[in-house]
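2 protein chains.
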Amino acid sequence: MTETTPQPAYVAVDWGTSSFRLWLVGTDGRVLAERRSGEGMTTAARTGFAEVLASHLAAVAAPAGLPVLICGMAGAKQGWIEAGYLDTPAALSDIPAAAVRIPGIEADIRILPGLAQREAMAPDVMRGEETQLLGAAGELGSGDHLVCMPGTHSKWVRLSGGRVAGFSTFMTGELFEAVAKNTILSHAIADAGAISGDNAAFRAAVARMVEKPALATSQLFSVRAGSLIAGLSPDDAKARLSGTLIGLEIAGALSLVADGTPVALVVSGGLGALYREALAAAGLSPTVIDADTAVRNGLAAGAKALWSL
Amino acid sequence: MTETTPQPAYVAVDWGTSSFRLWLVGTDGRVLAERRSGEGMTTAARTGFAEVLASHLAAVAAPAGLPVLICGMAGAKQGWIEAGYLDTPAALSDIPAAAVRIPGIEADIRILPGLAQREAMAPDVMRGEETQLLGAAGELGSGDHLVCMPGTHSKWVRLSGGRVAGFSTFMTGELFEAVAKNTILSHAIADAGAISGDNAAFRAAVARMVEKPALATSQLFSVRAGSLIAGLSPDDAKARLSGTLIGLEIAGALSLVADGTPVALVVSGGLGALYREALAAAGLSPTVIDADTAVRNGLAAGAKALWSL
Chain P
10 MTETTPQPAY VAVDWGTSSF RLWLVGTDGR VLAERRSGEG MTTAARTGFA
60 EVLASHLAAV AAPAGLPVLI CGMAGAKQGW IEAGYLDTPA ALSDIPAAAV
110 RIPGIEADIR ILPGLAQREA MAPDVMRGEE TQLLGAAGEL GSGDHLVCMP
160 GTHSKWVRLS GGRVAGFSTF MTGELFEAVA KNTILSHAIA DAGAISGDNA
210 AFRAAVARMV EKPALATSQL FSVRAGSLIA GLSPDDAKAR LSGTLIGLEI
260 AGALSLVADG TPVALVVSGG LGALYREALA AAGLSPTVID ADTAVRNGLA
310 AGAKALWSL
Chain W
10 MTETTPQPAY VAVDWGTSSF RLWLVGTDGR VLAERRSGEG MTTAARTGFA
60 EVLASHLAAV AAPAGLPVLI CGMAGAKQGW IEAGYLDTPA ALSDIPAAAV
110 RIPGIEADIR ILPGLAQREA MAPDVMRGEE TQLLGAAGEL GSGDHLVCMP
160 GTHSKWVRLS GGRVAGFSTF MTGELFEAVA KNTILSHAIA DAGAISGDNA
210 AFRAAVARMV EKPALATSQL FSVRAGSLIA GLSPDDAKAR LSGTLIGLEI
260 AGALSLVADG TPVALVVSGG LGALYREALA AAGLSPTVID ADTAVRNGLA
310 AGAKALWSL
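Chains as they are written, first to last, in this note's numbering: chain P, 10 to 318; chain W, 10 to 318.
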């Protein structure tokens, strides 16, 4: 048996703040080669975006002139070139055409735009997640969906018939770090291990926030007080801190949609298990979509739209 | 006209984490001398509590053997001697009798206990505020009251007929510092001046939290997004951050009492104006009680109960 190796068709790049991922994709849609590195926007802003990309293209022996489609922070103001934002409400299918081409070089290299929500009390932005959404949309089908994309800045997106009706960013991951390291709670959680979703303190904290979100910053203090007067262990203290912030995020996102709106979780890695447990504690059974696959599918959809690949 | 100088009757001390205040009080209840310093628990734990107190007693020429009543963190585990906690629900009038006497010295020096709320989902502690409450209770009268004591860890106390039914600590001040300094919001609020309650962004953030507390950590991110895409000024960004955390605290405290429960604000200094504006934005008109006076009155009530002074 022989198998014909397909020709390279395009290069897809997910270029975040602190990570770089590149896929060389064949004419049949298969991934021919892959690269991962820590040369995110922060690093590349110093060493040069063109240089970082060129080194990885060389490493996968990409033919000269192959089109490259990029999403993520490389399109931020501090990135390679500013790729702007598409304003919500926005059709996901409108994203590719709004990509911005890198000028002054022969190869067709484009960066996808982010999404901006220009509301007085709820201005919001995303960059990178719109491409995951574009990739996830195919698995979700039409109708209304609430899509959770956990992370340092968790995004919850209200999709309706392939359009982003609106979205909300919750600072969950970043707040967890800031509170764990820079407040009095640091004493309570010192020496704690990794958080497990399979922890009663975590689930109870989530459920309490879904019921009483207004008590969030009081529940945070209860981590300290519980450690002082109720023998709360470091592991349970850390779980309660995490469950409080994730539960508050879930309560907030649910407050913006009709009861019963289907929930999807787009996630990769360890956060997936934690969010699945949190959503279960809130009474939700999400469709789970792998975030790595979603971003690659989104870049593929973009390449197809732009270059008929 | 001659005026008789009253004899010193006792010494009152408010000994916090980072501050020390002492009053020499006469037999007629008047303050004969006052001392303020930065020798709070943190400093005194190194230099010696007895030594710090002795130096201030000498400075006001207090007669040897005068009784001394102390409240605050000097009674914490890391303090001079642990003064423990009275468990809620607790009558304010029971606080003085639970004071703990410093052993091994002739003078009668006592430290008032804190309050502890031993509830599984809402363990909480206070130390120092219970004495402010004891002093404020005289101005509030009987019936139900919701008492707000703003600060690094804001306390909201549910008083009912002179008893503490329960209380909640909100980490507002400490979270403000941690978020302002250690998250992406630091960019948005760099170069901001002091926060004024007379700021539309502050009042709007408070009102939004009272209405939709579940969106708290999303509203925090909107400070960053507003700065990126909506020209939010550093002053307004800082005001929105502050209004979000204070508004969330107000929403949480209100969620635990019956509508229409009278609200009292026990506060001193600049925070007073900010909280008055915040409470007004939430539709509340609190009775305002000076916190410095309240703690002195609380210590006076304690001294009277303990030593019939």
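All C-beta atoms in this analysis are idealised placements derived from N, C-alpha and C, irrespective of residue type, glycine included.
- The beta carbon of A262(P) sits closer than 6 Å to the beta carbons of W165 from its chain, once the five residues preceding and following it are set aside; these are given in chain order.
- The C-alpha of G137(W) lies about 28 Å from the C-alpha of A214(P).
- Here L280(P) has P159 as same chain residues with Cβ atoms under 6 Å from its own Cβ, once five neighbours each way along the sequence are excluded.
- Linking A312(P) to G147(P) through their CA atoms gives a straight-line distance of about 15 Å.
- When C-alpha distances from G84(P) are compared across T302(P), E286(P), D23(P), the shortest belongs to D23(P).
- Counting the other Cβ atoms within 10 Å of the Cβ of D245(W) gives 16 or more, which makes it buried.
- Straight across, the Cα-Cα distance linking W316(W) with I111(W) is about 16 Å.
- For P105(W), same chain residues with a beta-carbon under 6 Å away, outside a window of 5 residues either side, are G311, A314, L315 in chain order.
- Contact note: P132(W) reaches chain P through S231, A234, G235, I238, A239, using a C-beta cutoff of 7 Å and chain order.
- When DSSP reads this structure, E43(P) sits in a beta bridge with W32(P).
- In this structure, the beta-carbon distance from A187(P) to A92(W) does not fall below 8 Å.
- In chain W, no part has a C-beta under 9 Å from the C-beta of L280(P); the shortest such distance is about 16 Å.
- As the crow flies, the alpha-carbon of A234(P) is around 49 Å from that of A21(P).
- R285(P) is not a Cβ neighbour of G252(P), given a cutoff of 8 Å.
- With contact defined as three or more Cβ pairs closer than 8 Å, the segment 297-304 of chain P and the segment 259-279 of chain W are not in contact.
- By the neighbour-count definition (other C-beta atoms within 10 Å, threshold 16), P72(W) is an exposed residue.
- Straight-line spacing of the CA atoms in P271(W) and F176(W) works out to 15 Å.
- The beta carbon of Y94(P) sits closer than 7 Å to the beta carbons of P122, G123, L124, A125, V134 from its chain, once the five residues preceding and following it are set aside; these are given in chain order.
- The secondary-structure analysis by DSSP pairs S294(P) with nothing; it has no beta-bridge partner.
- Contact annotation, R172(P) with P98(P): C-beta distance approximately 5 Å; criterion of less than 8 Å satisfied.
- Residues of the segment 170-200 of chain W that bring their beta carbon within less than 9 Å of a beta carbon in chain P comprise S177, T178, F179, M180, T181, E183, L184, E186, A187, V188, K190, N191, T192, I193, L194, in sequence order.
- For the options R249(P), L237(P), A290(P), the alpha carbon positioned closest to that of F185(P) is the one of R249(P).
- Residues of the same chain with a CB within less than 7 Å of the CB of I204(W), apart from the 5 flanking positions on each side, are F211, K247, A248, S251, L283 in chain order.
- P132(W) places its beta carbon less than 8 Å from that of A239(P).
- Residue contact with chain W for A92(P): absent (no Cβ-Cβ distance below 8 Å to any residue of chain W).
- For G311(W), no chain P residue has a C-beta closer than 9 Å to its own C-beta; the minimum C-beta separation is roughly 23 Å.
- Assigned with DSSP and collapsed to three states, Q126(W) falls in strand.
- In the three-state scheme derived from DSSP, where H, G and I count as helix and E and B as strand, H162(P) is classed as coil.
- At a C-beta separation below 7 Å, A223(P) has these neighbours in chain W: P222, L257, A260, G261, S264.
- Our two residues, Q87(P) and L194(P), have alpha carbons roughly 34 Å apart in a direct line.
- The beta carbon of N208(P) sits closer than 6 Å to those of A248, all from its chain and outside the five residues before and after it, given in chain order.
- Proximity of chain W to A108(P) at the Cβ level (cut-off 8 Å) is not reached, the minimal Cβ distance being about 19 Å.
- Using beta-carbon distances, R217(W) counts as an interface residue toward chain P, with a partner under 8 Å.
- Per DSSP, S177(P) lies in no alpha helix (DSSP H); the unbroken beta strand (DSSP E) holding it starts and ends at 172-179.
- Assignment of L257(W) by DSSP, reduced to helix, strand and coil, places it in the helix class.
- From the beta-carbon of R127(W), the residues of chain P found nearer than 8 Å are I238, A239.
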